[in-house]
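Residues in the sequence shown are numbered consecutively from 6, following this note's numbering.
Some notes on the structure that comes next.
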Amino acid sequence: MLEDFIGGGPALFWLVLAVALIFVISRAVRIVPQSQKYVVEEFGRFRKELGPGLNFIVPFLQRVAHKVSVLERQLPTASQDAITSDNVLLVVETSVFYRVLEPGKTVYRIRDVDAAIATTVAGIVRAQIGKMELDEVQANRAALISQIKEQVESAVDDWGIEVTRAEILDVGLDQATRDAMLQQLNAERERRAAVTRAEGERRAVELAADAQLYAARQEAEARRVEADAEAYATGVVAEAIQKGGLEAVQYNIALEQVKGLATLSAGQGNSTVIVPADAADAFGKAFQMLKGRG
């Protein structure tokens, strides 16, 4: 067989050379997908990273040791306990999104990336919540998320990782704290209701006082008007008397006396009518005045 192979001539040699060349080129050329980066080692040591596209390495001396995805990843939702500065136990659910920027750091500096990031996030969450009271945690969740993201980014920077987003999905309370908060809420509602009732009663008293004051003012105004009318009438009578109307006044007085006597005598069951001593004079004066007018 060896003689046959040697005897094959130049054609066989070129065929073998072509096959060897194709094999070497296949070992030297690496096409990297858009979603990945390759880590190249040379004699067991990190040499370089291969980005997406066509790349070349030294055959037999260099090899692709790791193929790392650069797509954004999401850690599984994690729950961890945290205690606020006012000693309230919280159960915090977090989620973190990240992606690998420098695979050369990631594969040689950390073994389990997901577990390392989850542990880092849990520690940072506990530390940040421990500086805040419960009300601050509830009211400043956006600021808390921003602080956690910044600190996680700083912690994982040496691993060649970028944290793209950190989220606090839920902040739960233990049952004892929930019961205490419910009692506090009910007490606050009762206090507000009591304040509202007191305000209503005070307003009712104010309105009643205003109504009484208004009635008193109206009554005083009516009395003033009546007094003005009486004063006016008295002035008119005085002016008439001054102008010589005394006889007319005497006539009216006598006429009223006569009407009074007539009314008294017309009463039922009266068999005797008591006439004042000056009644006759009043009648006489009235008739004289009537004659004088005629």
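Every residue, glycine too, gets a C-beta built ideally from N, C-alpha and C.
At least three beta-carbon pairs within less than 8 Å, the region 108-123 to the region 136-144: no
On the DSSP letters alone, give me the boundaries of the beta strand (DSSP E) that L80 sits inside. Looking at the DSSP string, L80 is not in any beta strand (DSSP E), and its letter there is neither H nor E.
Check whether the Cβ atoms of E47 and Q67 sit closer than 8 Å, and answer yes or no. yes
If contacts are defined as beta-carbon pairs under 8 Å, then V168 and K154 qualify, I think. What distance do you get, rounded to the angstrom? 6 Å
Alpha-carbon to alpha-carbon, L20 and I11: With a pLDDT of only 48 at I11, under the threshold of 50, the placement of this residue in the model should not be trusted; the figure read from the coordinates follows. Spanning the two alpha carbons is a distance of roughly 13 Å.
Between R32 and the rest of its own chain, which residues show a CB-CB distance below 6 Å, the 5 nearest in sequence each way excluded? P64
Taking H71 as the reference, which of G58, R50, A148 and A123 has the closest Cα? R50
In the DSSP assignment, the beta strand (DSSP E) including V93 goes from what residue to what residue? Run containing V93: none; DSSP gives neither H nor E here.
Bridge-paired residues (DSSP) for A171: V101
Could you tell me which residues DSSP pairs with Y43 in its beta bridges? L55 and K72
Measure the alpha-carbon distance for A221 versus A185 and round it to whole angstroms. 54 Å
With DSSP run on the structure shown, which of helix, strand or coil describes P15? helix
Between the alpha carbons of V24 and V75, how many angstroms are there, rounded? 35 Å
Please state the DSSP three-state secondary structure of R197. helix
With DSSP run on the structure shown, which of helix, strand or coil describes R116? coil
Report yes if the C-beta distance between L80 and A87 is below 8 Å; otherwise report no. no
Closest residue to V45 among P38, I30, F61 and A232 (Cα-Cα distance): F61
Check the DSSP bridge columns for Q67 and list the partner residues they point to. E47
In three-state terms, what does DSSP make of G177? strand
Check this for me: beta carbons of V101 and V73, under 8 Å apart or not? no
Is it the case that the Cβ atoms of Q85 and V130 are separated by a distance below 8 Å? yes
Taking all protein chains shown into account, do 16 or more other C-beta atoms lie within 10 angstroms of the C-beta of V29, making it buried, or fewer, making it exposed? exposed
Does I62 come out as helix, strand or coil in the three-state DSSP assignment? coil
Flag this pair as yes or no: are the beta carbons of G56 and P108 separated by less than 8 Å? no
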